[in-house]
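Chains as they are written, first to last, in our numbering: chain A, 1 to 335; chain B, 336 to 431.
Below is the structure:
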C-alpha cells in the first residue's frame, strides 16, 4: 500500500524492523507500526522527517520514498542506485533521442495523447445531448491537429520540436476549454494554471499529474530507461526529461479521475484552501483525490492486450515494450 | 490467504516476542492475543517456524487459522470491530 505522510512534524523511523510513523496528536507523538513488506511507496510531504534507517529498510524492501512539495509535484526520490535493466537500453535511448527513432516515438506518444483527449470528449458527449454541436466542433479540430502531427517529418526531434509543441499546445487549449465548459458553472476554470492553481479544478489536476509523474518515473526506472534522457521536453531545470515525454498518453488517467470527481459533485469547498494568488489542495482534498486515483489506476481493470489488467500494469508493459524495441528494433513497422 | 493467529503463552518474554513476529509479518492486532491479516503461503510457513522457536510447546498454545474471503464476509462482529478492508489488504493508501 501507499503511505502518505502529510502531517506537519511527523517522523518516520524504524522500530523492530518495521516502519514506525510518529504523528503529533494533542501535544504527544502517536506511533503507528507497519510491516515493511506491506508498503510499496512512501510519499512524504514537506515538513516531515525521516531517519536513515528508514531509508535503509525501504531500500531493502524495494520501497521507494518520494518527496513531494505542497502541490503534489515530486521533488525527489530515494531508490536503490541499480539500473532497472541492461545499460544497453540507456545507450539506445540516448541514440534514439537524436535520430529518427525518437521522431517516430514522440509523434506516436503525442498522437496517442490527442486520441485520448478526443475519445474522452466523445465519451462525455454520450450523456450530454445538449452539447453535441459544441463537442463535435472540438473533436473535429483535435482530429485535424492529429493529422497535422501525423504529417510532420524529420530525421531528428529537434527539427520538428517547435511545430510539435505548438500543435500540442493548441490541442491542450481546445481540450481544457471543452472540459471546463462541460462542468457545472461553479466549477468552471479558465485554462491550465499551476504554482499555484487559479481554481479548484487545476489544484486537483496538478496534484493528480504530480502523482502520475512520480509513478511514470518509477515505471521507467523499472523498465531500465533513463528518466532524464528526454526526446522533446525540458523540465524546469533545463534538462531534457523523458518522464514528460512518456507521460503524455497517460495524462488522461489523471484528467478522467479529476473530471469525474467534479462532474459527480464530489468536490466541495472543504477540499481546497484559498492561498495567496490561488487555490491549494488540503488534507481532505488529497485524501479524496489519492483514493479515487489509486482505485482507477491500481485497482480497476481494463481489457489490454487480450487480458484484464490494471492501468498501472498496462503502463509498465508499455514501458517494457518501448525499452525492448530500442534494443531489438522490430523487423516490420509496428507504429 | 487470510489468517488468524491466536495464542496463550505463559511467560511474558516469549509472548511479547510472538506478538512482535505477528506484527512484522504484517498482521493486525484485533485483540490482546489475537492477530489477523493477509499472508502468502510462504509467509505463513516462516511465521510458523519463527513462533515454534519462541514458545514452550509443553505449556503454550498458538493457533494459525486460515480463512477464506467468503468466510470473512460472513463473520459477525460485535462491539469494537476491526477494519475488514485493512486486514484483506484492500486498503491501498494510508494517510498520516
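The beta carbon of each residue, even a glycine, is placed where N, CA and C say it ideally should be.
Fair warning: this is a prediction, and the values are worked out from it, not measured in the lab.
Residue i, buried or exposed, once every other Cβ within 10 Å from all chains shown has been counted against 16
i                      : result
residue 10 of chain A  : buried
residue 117 of chain A : buried
residue 410 of chain B : exposed
residue 245 of chain A : buried
residue 93 of chain A  : buried
residue 360 of chain B : buried
residue 375 of chain B : exposed
residue 413 of chain B : exposed
residue 206 of chain A : buried
residue 97 of chain A  : buried
residue 99 of chain A  : exposed
residue 372 of chain B : buried
residue 253 of chain A : buried
residue 380 of chain B : exposed
residue 65 of chain A  : buried
residue 428 of chain B : buried
residue 286 of chain A : buried
residue 294 of chain A : buried
residue 323 of chain A : buried
residue 278 of chain A : buried
residue 272 of chain A : buried
residue 396 of chain B : exposed
Euclidean distance between Cα positions of residue i and residue j
i                      : j                      : result
residue 161 of chain A : residue 169 of chain A : 12 Å
residue 186 of chain A : residue 22 of chain A  : 39 Å
residue 199 of chain A : residue 256 of chain A : 17 Å
residue 57 of chain A  : residue 83 of chain A  : 19 Å
residue 336 of chain B : residue 345 of chain B : 28 Å
residue 420 of chain B : residue 1 of chain A   : 12 Å
residue 30 of chain A  : residue 6 of chain A   : 14 Å
residue 184 of chain A : residue 263 of chain A : 7 Å
residue 140 of chain A : residue 102 of chain A : 28 Å
residue 86 of chain A  : residue 4 of chain A   : 32 Å
residue 32 of chain A  : residue 20 of chain A  : 5 Å
residue 385 of chain B : residue 42 of chain A  : 28 Å
residue 171 of chain A : residue 261 of chain A : 23 Å
residue 378 of chain B : residue 113 of chain A : 42 Å
residue 291 of chain A : residue 251 of chain A : 17 Å
residue 297 of chain A : residue 208 of chain A : 11 Å
residue 104 of chain A : residue 73 of chain A  : 29 Å
residue 393 of chain B : residue 13 of chain A  : 38 Å
residue 223 of chain A : residue 307 of chain A : 20 Å
residue 217 of chain A : residue 69 of chain A  : 16 Å
residue 60 of chain A  : residue 389 of chain B : 26 Å
residue 425 of chain B : residue 201 of chain A : 28 Å
residue 150 of chain A : residue 107 of chain A : 7 Å
residue 363 of chain B : residue 402 of chain B : 15 Å
residue 53 of chain A  : residue 62 of chain A  : 14 Å
residue 243 of chain A : residue 365 of chain B : 43 Å
residue 179 of chain A : residue 275 of chain A : 24 Å
residue 367 of chain B : residue 408 of chain B : 23 Å
residue 430 of chain B : residue 312 of chain A : 21 Å
residue 138 of chain A : residue 268 of chain A : 28 Å
residue 197 of chain A : residue 8 of chain A   : 22 Å
residue 337 of chain A : residue 38 of chain A  : Beyond the ends of chain A as shown, which are 1 and 335, falls residue 337 of chain A; an answer cannot be given.
Proximal chain E residues relative to residue i, where beta-carbon distance stays under 8 Å
i                      : result
residue 431 of chain B : No chain E is present in this structure, whose protein chains are A and B.
Cβ contact check for the stretch 315–322 of chain A and the stretch 342–349 of chain B: 3 or more pairs under 8 Å: Segments in contact, no.
Proximal residues, the stretch 350–363 of chain B versus chain A, C-beta separation under 7 Å: 355, 358, 359, 360 and 361
Touching by the beta-carbon criterion (3+ pairs, under 8 Å), the stretch 129–136 of chain A and the stretch 148–161 of chain A: no
Contact between the stretch 222–231 of chain A and the stretch 301–308 of chain A (3+ Cβ pairs under 8 Å): Contact between the stretch 222–231 of chain A and the stretch 301–308 of chain A is absent: fewer than three C-beta pairs spanning the two stretches fall below 8 Å.
The stretch 42–51 of chain A contacting the stretch 174–190 of chain A, beta-carbon criterion three pairs below 8 Å: no
Residues from the stretch 288–319 of chain A in contact with chain B, defined by Cβ distance under 8 Å: 290, 291, 294, 295, 298 and 299
Stretch pair the stretch 279–288 of chain A + the stretch 75–93 of chain A: three plus CB contacts closer than 8 Å: no
Secondary structure, alpha helix (DSSP H): runs of 4+ residues fully inside the stretch 386–413 of chain B: Correct list: 404–408.
Three-pair Cβ contact test at 8 Å for the stretch 137–154 of chain A versus the stretch 201–218 of chain A: no
Members of the stretch 108–119 of chain A near chain B, C-beta cut-off 7 Å: Residues are counted here when their Cβ sits less than 7 Å from a Cβ of chain B; for the stretch 108–119 of chain A the count is zero.
3-residue-minimum beta strand (DSSP E) runs that sit fully inside the stretch 221–296 of chain A, ordered along the chain: Every unbroken stretch of the beta strand (DSSP E) spanning 3 or more residues and falling wholly within the stretch 221–296 of chain A is given here in chain order: 272–275 and 278–281.
Beta strand (DSSP E) runs contained entirely in the stretch 147–173 of chain A, provided each spans 3 or more residues: With a minimum length of 3 residues, no continuous beta strand (DSSP E) run stays inside the stretch 147–173 of chain A.
Segments assigned beta strand (DSSP E), at least 3 residues, entirely inside the stretch 105–133 of chain A: Complete beta strand (DSSP E) runs here, min 3: none at all.
Continuous alpha helix (DSSP H) assignments of at least 4 residues falling wholly in the stretch 57–111 of chain A: The qualifying runs are 87–96.
Members of the stretch 115–148 of chain A near chain B, C-beta cut-off 9 Å: Within the stretch 115–148 of chain A, no residue has its Cβ closer than 9 Å to any Cβ of chain B.
Positions along the stretch 388–400 of chain B whose CB lies within less than 7 Å of some CB in chain A: none
4 or more residues per run - each alpha helix (DSSP H) lying fully within the stretch 23–60 of chain A: 52–60
Members of the stretch 408–430 of chain B that neighbour chain A once the beta carbon cut-off is set at 7 Å: 426, 427, 428, 429 and 430
Residues of the stretch 33–45 of chain A whose Cβ lies closer than 7 Å to any Cβ of chain B, in chain order: If you check each beta-carbon in the stretch 33–45 of chain A against every beta-carbon of chain B, the ones closer than 7 Å belong to 33, 35, 37 and 38.
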